[in-house]
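Take a look at the structure below.
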Amino acid sequence: MRFISALAATAATLTSAPAIADVTVYSYRQPELVSPLLEAFTKETGVETNLVFLNKGMIEKLQAEGDRSPADLVMTVDISRLQALVDAGVTQPVHSETLDANIPAEFRHADGEWFGLTSRARIVYASKDRVKDGEVTTYEDLASDKWEGRICIRSGTNAYNLALVSAMIAHHGEEDTKTWLEGVKSNLARKPSGNDRGQVKAIHAGECDISLGNTYYMKKMLEEPDQKAWADSVRIVFPKFEDGGTHVNLSGVALTKAAPNKEEAIQLMEWLSSETAQEIYAQVNGEYPLKEGSEASELVQSWGGFTADNKPLGEIAKLRPTSLKLVETVDFDG
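In mature numbering (1 follows the signal peptide of the UniProt record, and there is no 0), the protein residues as written are -21 to -1, 1 to 313.
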């Protein structure tokens, strides 16, 4: 009887003890970009994390797993991918005073379905030798015939370019954006191909003078011995919309609909919005923190400042189908 009582007492103690649950994160971002954050979170809170890297099929995986999904959070890049998760019904809203205080309204879903963590600007990489200071100032200017045969760009259907086209629609409407796309296409030095870094390589090789790309690729190129010369041949220019600011996109996080460890998952989301986490993320990825008071790395700050466009990213994300239709209508990649 004493043995049974002891077992019962032990069981009661284990039941009443607070459980530290694992938080499982499905991520489109590569492990080396996310792991430093998760390791710092665990060190500070004691909550363990499981990181599952996916390079495609996140929505399909979550839908197939349904209520049995082990995923608590999803981390991804690009506003359209975040919105696609919401549209697929695989996320749930989070109502958190901490998140609302740390992440500006234009960088989070209106109903709390996703939250931005860091931002990157869609900028112009310009040849130091062949492009004068002040020669390019706006996105609209890229359709000017002064750039004929001087622009390199990746596919128009790439998510980053579609987000920019969507922002152009938000500013100028469909018809003017179609005309703009036709103008940019007529200025291309070659058929769209490759990635953002590949366009800078082409500038270094003299194939073109400017390209569109995300800011953080400068950091990546500078860290690669065989790409540093590409980076050194260009400078970053922050164009803006004629009636707005510089187009930015996001890396972000959302709570899954299944979320077996919801409380701990929200704890991680709130921590990711903190100044400590924002600066870790920005340092590792060469991006811009969103929380006011958090600072970008010295390298990122050396590229200069800009004013982010004030069009809500949620509005821009909803224009993705329209932007894709326009890109295909003008046969941008043809």
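Backbone N, C-alpha and C define an ideal beta-carbon position, used for all residues, glycine too.
This structure is a prediction, so every number in the text was calculated from the model and none was measured.
Residue i versus residue j - alpha carbon distance
i      : j      : result
Asp79  : Gln257 : 15 Å
Phe217 : Leu191 : 10 Å
Gly313 : Ala50  : 40 Å
Val2   : Glu18  : 12 Å
Gly177 : Tyr196 : 10 Å
Ala210 : Lys199 : 9 Å
Ala275 : Gln262 : 7 Å
Thr286 : Thr308 : 32 Å
Asp205 : Lys180 : 10 Å
Glu23  : Ile245 : 15 Å
Ser302 : Thr70  : 24 Å
Glu254 : Glu119 : 35 Å
Ala184 : Ser212 : 9 Å
Glu92  : Pro10  : 23 Å
Pro15  : Ala105 : 32 Å
Ile295 : Ala142 : 7 Å
Thr117 : Ser75  : 37 Å
Phe311 : Lys170 : 9 Å
Glu249 : Ser123 : 45 Å
Glu127 : Asp175 : 20 Å
Lys35  : Gly68  : 18 Å
Glu154 : Asn240 : 47 Å
Ile130 : Lys236 : 43 Å
Lys270 : Ile82  : 6 Å
Arg299 : Ile189 : 25 Å
Lys157 : Leu247 : 42 Å
Leu61  : Ser145 : 15 Å
Ala100 : Gly45  : 35 Å
Gly152 : Asn193 : 24 Å
Gly293 : Tyr5   : 22 Å
Sheet register partners of residue i (DSSP bridge)
i      : result
Tyr260 : None; Tyr260 has no bridge partner.
Met54  : Ser6 and Val232
Leu167 : Ile130
Arg299 : Note: Arg299 sits in no beta bridge, so no partner.
Arg87  : Phe94
Secondary structure of residue i, DSSP reduced to three states
i      : result
Lys111 : coil
Leu269 : coil
Ala19  : helix
Tyr7   : coil
Gln71  : strand
Gly293 : helix
Ile215 : strand
Thr286 : coil
Thr136 : coil
Thr117 : strand
Gln42  : helix
Val306 : helix
Glu274 : coil
Ser145 : helix
Ala122 : helix
Ser48  : coil
Lys157 : helix
Gly162 : helix
Range covered by the alpha helix (DSSP H) that runs through residue i
i      : result
Arg60  : Ile58 to Asp66
Gly192 : It is not in any alpha helix (DSSP H) - Gly192 instead sits in the beta strand (DSSP E) that spans Ile189 to Asn193.
Ala181 : Asp175 to His183
Asp79  : Glu76 to Asn81
Gln246 : Lys241 to Leu251
Gln206 : Premise fails: Gln206 is in no alpha helix (DSSP H) and is neither H nor E.
Residue i: first and last residue of the uninterrupted beta strand (DSSP E) it sits in
i      : result
Val31  : Thr28 to Phe32
Thr225 : No beta strand (DSSP E) holds Thr225; DSSP gives it neither H nor E.
Leu96  : Phe94 to Ser106
CB-CB length for residue i against residue j, believed under 8 Å
i           : j      : result
residue 399 : Leu305 : Lying before the first or after the last residue shown, residue 399 is absent from the chain, which here runs from -21 to 313.
Lys125      : Arg214 : Contact flag wrong, Cβ pair sits at about 18 Å.
Leu229      : Phe86  : 6 Å
Leu96       : Tyr260 : 6 Å
Ala138      : Asp57  : 5 Å
Ser252      : Phe94  : 7 Å
Leu33       : Tyr7   : 6 Å
Val26       : Glu243 : 5 Å
Met54       : Val227 : About 18 Å; that fails the 8 Å criterion.
Check: residue i C-beta below 7 Å from any heavy atom of the ligand ATP
i      : result
Ile295 : The ligand ATP is absent from the structure shown, which contains no ligand whatsoever.
CB contact check: residue i to chain D, cutoff 8 Å
i      : result
Ile215 : The chain labelled as chain D is not found in the depicted structure, where only one protein chain is given.
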